[in-house]
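The listed protein sequences correspond, in order, to chains A and B. Using numbering that gives the first Met the number 0, the letters of the first sequence correspond one by one to residues 0 to 254. Using numbering that gives the first Met the number 0, the letters of the second sequence correspond one by one to residues 0 to 158. No residue lacks a Cβ here, since even glycine has one placed at the ideal position from N, Cα and C. Please read all numbers here as calculations on a predicted model, not as lab measurements.
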Amino acid sequence: MSDLEYILDFVVNLGGKMLGTGANLERVNDTMNRVCLSYNLNSISIFSLSKTIIISAKSSNNFPGTRQIAVPRAVTHLEKLKCLNQLSRDVCENTPPPQTLSAMLEESENVKEYPLSIVILGYMIALTSMCGIYGGSFGDMLSANLITIILFYVTRLLGRPYLNRIISNTLCMWIAGSLAVFFVFAGIGKHYSIIIITNSMMILPGIPLVNAVRNIFCGNEMNGILEILKVMLETMAIVAGLCTSIYMFGGLVQW
Amino acid sequence: MVENLTLVIYSFFASLGFGIVFRIEKNNLCFAGIGGALTRCVYLILLNITDKTLIYSLFTAMFTALYAECMAVWKKVPSTIFLYPSIIPLVPGNLLYNTVVNFILQDATKMLYNARECAVRLAGISVGFVLISTFTYHRRVYFLGKNFVGHLFQKKNSK
Numbered sequence: 000m001s002d003l004e005y006i007l008d009f010v011v012n013l014g015g016k017m018l019g020t021g022a023n024l025e026r027v028n029d030t031m032n033r034v035c036l037s038y039n040l041n042s043i044s045i046f047s048l049s050k051t052i053i054i055s056a057k058s059s060n061n062f063p064g065t066r067q068i069a070v071p072r073a074v075t076h077l078e079k080l081k082c083l084n085q086l087s088r089d090v091c092e093n094t095p096p097p098q099t100l101s102a103m104l105e106e107s108e109n110v111k112e113y114p115l116s117i118v119i120l121g122y123m124i125a126l127t128s129m130c131g132i133y134g135g136s137f138g139d140m141l142s143a144n145l146i147t148i149i150l151f152y153v154t155r156l157l158g159r160p161y162l163n164r165i166i167s168n169t170l171c172m173w174i175a176g177s178l179a180v181f182f183v184f185a186g187i188g189k190h191y192s193i194i195i196i197t198n199s200m201m202i203l204p205g206i207p208l209v210n211a212v213r214n215i216f217c218g219n220e221m222n223g224i225l226e227i228l229k230v231m232l233e234t235m236a237i238v239a240g241l242c243t244s245i246y247m248f249g250g251l252v253q254w
Numbered sequence: 000m001v002e003n004l005t006l007v008i009y010s011f012f013a014s015l016g017f018g019i020v021f022r023i024e025k026n027n028l029c030f031a032g033i034g035g036a037l038t039r040c041v042y043l044i045l046l047n048i049t050d051k052t053l054i055y056s057l058f059t060a061m062f063t064a065l066y067a068e069c070m071a072v073w074k075k076v077p078s079t080i081f082l083y084p085s086i087i088p089l090v091p092g093n094l095l096y097n098t099v100v101n102f103i104l105q106d107a108t109k110m111l112y113n114a115r116e117c118a119v120r121l122a123g124i125s126v127g128f129v130l131i132s133t134f135t136y137h138r139r140v141y142f143l144g145k146n147f148v149g150h151l152f153q154k155k156n157s158k
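Written out as structure tokens, the structure reads:
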């Protein structure tokens with residue numbers, strides 16, 4: 000492999016991993032461009048969507064190269080993003096030998112993870128607070144938390160075979176809606192809508208929606224429109240799951 | 000007053016909780032929570048001044064983005080680390096949810112109201128982010144030279 004190929008491999012994989020950990024598209028493009036420039040590549044052309052990156056460039060002796068990858072499913076992991084960002088800065092500053100870049104990229108992904116119990120605790124703190132913001136009672140918070148724990152494991156289970164997010168959202172919200180009906184019927188929770196809105200915050204694509212609109216304002220209209228459509232479909236799936244649960248068990252409570 | 004204070008405290012914990020969910024390093028978690036609490040404070044203050052959704056969401060988002068950029072410079076990490084959890088109190092999740100629920104319930108008036116509010120708030124947040132990131136981009140370009148990598152080449156040449 001030539002140096003150009005090593006660099007392009009690194010750049011495209013770095014961009015893919017950054018997008019996969021929740022980075023904004025504009026920042027990723029900027030990072031890829033900077034790494035290419037630091038290695039004196041020219042005629043750099045980057046086309047990226049949240050699912051695909053295509054990059055082509057020429058080396059200093061005008062030898063051309065192109066790379067294309069499919070971006071893995073995005074799971075927000077800001078600590079990994081921080082390490083990848085630091086790596087890009089180090090690479091730009093020190094321009095290490097291109098053959099070593101791939102190993103550096105692999106190494107930068109070894110970050111300390113929170114134990115599963117802490118992540119669940121994080122969800123519980125966040126959703127208890129959101130329930131409080133929406134005006135929920137203690138019983139609503141308790142119900143929302145119990146549903147959160149169940150949803151957490153269901154999401155992990157459904158995420159394992161890479162089930163389409165539209166289908167998994169429908170299933171998750173059907174489970175959440177049915178459990179909320181049960182908790183209100185049992186007298187644990189008081190407000191069905193507050194429990195449901197709180198739990199939907201766990202799966203509602205709020206940040207992707209903000210990023211999608213931001214893409215449009217930043218000139219990445221194609222990605223922005225695709226992302227908005229995706230967010231709308233995912234939200235419709237959430238509501239479809241919820242409606243199914245209401246049609247099935249809604250007669251039990253006031254919703 | 001007490002109600003507002005409660006909202007600020009809840010926002011702190013909501014951002015802190017989402018910070019854990021987004022796997023932020025524990026040293027930065029508290030700052031993510033503070034970001035959420037400050038965002039709520041600015042939001043509540045602006046809500047008392049104006050009832051125009053676009054205005055208060057725009058300025059709150061600008062404040063949040065500025066906070067994230069300042070923290071990013073101080074802590075030498077990407078601004079996203081502070082931006083994502085801090086913006087949680089502003090994300091119109093309930094409006095989005097109500098829009099689709101009313102669409103399914105065929106309540107056109109409520110659906111249109113929620114959809115409009117949601118769209119305006121999203122536009123405000125996004126424009127606020129873009130304005131601040133454009134400003135910080137130009138600030139960095141001003142301090143580093145003609146472009147981001149200019150200083151890198153200068154460094155290499157001087158070696």
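With fewer than 16 other CB atoms across the displayed protein chains lying within 10 angstroms of its CB, Val-74 of chain A is exposed. Taking 9 Å as the CB threshold, Glu-24 of chain B lines the interface with chain A. For Thr-65 of chain A, the three-state secondary structure derived from DSSP is strand. Distance from Ile-202 of chain A to Ile-237 of chain A at the Cβ level is roughly 6 Å; contact confirmed, criterion being Cβ atoms closer than 8 Å. Val-100 of chain B and Asn-93 of chain B have their C-alpha atoms roughly 10 Å apart. One Cα belongs to Leu-48 of chain A, the other to Asn-222 of chain A, and the distance between them is close to 5 Å.
Taking the Cα of Arg-22 of chain B as reference, the smallest distance to any Cα among A:Asp-29, A:Ser-55, A:Val-110 is reached at A:Val-110. Contact check for Ser-55 of chain A against Arg-66 of chain A passes: the beta carbons are separated by less than 9 Å.
Secondary structure remark: continuous alpha helix (DSSP H) runs of at least 4 residues inside the segment 91 to 159 of chain A, in chain order: 100 to 107, 115 to 132, 137 to 158. Between Arg-26 of chain A and Cys-91 of chain A, the CB-CB gap reaches or exceeds 9 Å. Taking the Cα of Val-70 of chain A as reference, the smallest distance to any Cα among A:Ile-224, A:Ile-174, A:Gly-19, A:Asn-210 is reached at A:Gly-19.
Residue contact check for Ile-19 of chain B against chain A: a CB pair falls below 9 Å. Close to His-76 of chain A, with beta-carbon spacing below 9 Å, are these residues of chain B in chain order: Phe-21, Arg-22.
Per DSSP, the unbroken beta strand (DSSP E) holding Thr-51 of chain A starts and ends at 51 to 57. For Ala-67 of chain B, the closest of B:Met-110, B:Asn-97, B:Asn-27, B:Lys-51 by C-alpha to C-alpha distance is B:Asn-27.
Taking 9 Å as the threshold, the shortest C-beta distance from Ser-85 of chain B to chain A does not fall below it. Looking only at B:Arg-120, B:Lys-25, B:Ala-31, B:Leu-4, the smallest Cα-Cα distance to Leu-43 of chain B is reached by B:Leu-4. Contacts between Met-172 of chain A and chain B, judged by CB atoms closer than 7 Å, are missing: the closest CB pair is about 10 Å apart. Cβ proximity to chain A below 8 Å picks out nothing from the segment 28 to 56 of chain B.
Three or more beta-carbon pairs separated by less than 8 Å are not found between the segment 104 to 124 of chain B and the segment 187 to 199 of chain A, which leaves the two stretches without contact. Neighbourhood of Ala-69 of chain A in chain B, by CB distance below 7 Å: empty, with the nearest CB roughly 22 Å away. Of all residues in the segment 235 to 247 of chain A, only Met-235, Val-238, Cys-242 come within less than 7 Å of chain B when Cβ atoms are compared, listed by chain position. Put simply, the CB of Met-123 of chain A is near chain B, with a gap under 9 Å to one of its CB atoms. The Cβ atoms of Cys-171 of chain A and Gly-240 of chain A lie closer than 9 Å to each other. For Ser-56 of chain B, there is no enclosing beta strand (DSSP E); the residue is part of the alpha helix (DSSP H) that begins and ends at 52 to 74. Exclusion of the five residues before and after Asn-39 of chain A leaves Ser-59 as the residues of its chain whose Cβ lies within less than 7 Å of its Cβ.
In this structure, the beta-carbon distance from Thr-63 of chain B to Gly-21 of chain A does not fall below 9 Å.
The continuous beta strand (DSSP E) containing Ser-47 of chain A extends over residues 41 to 47. Residue environment analysis places Phe-12 of chain B among the buried positions, since at least 16 neighbouring C-beta atoms fall within 10 angstroms of its C-beta. Scanning chain A for C-beta atoms nearer than 8 Å to the C-beta of Ala-64 of chain B yields nothing, as the closest lies near 10 Å away. Closest by C-alpha distance to Phe-248 of chain A, out of A:Asn-198, A:Val-180, A:Arg-213, A:Ile-119, is A:Val-180. Looking at the backbone, the Cα of Asn-23 of chain A and that of Lys-16 of chain A are separated by about 12 Å.
Excluding sequence positions up to five before and after Asn-168 of chain A, its CB lies within less than 7 Å of the CB of Ile-202, Glu-233, Ala-236, Ile-237, Gly-240, all in the same chain and listed in chain order. For Ala-13 of chain B, the three-state secondary structure derived from DSSP is helix. Pro-84 of chain B places its beta carbon 9 Å or farther from that of Leu-130 of chain B. With contacts defined by Cβ atoms closer than 9 Å, Arg-39 of chain B and Pro-88 of chain B form a contacting pair.
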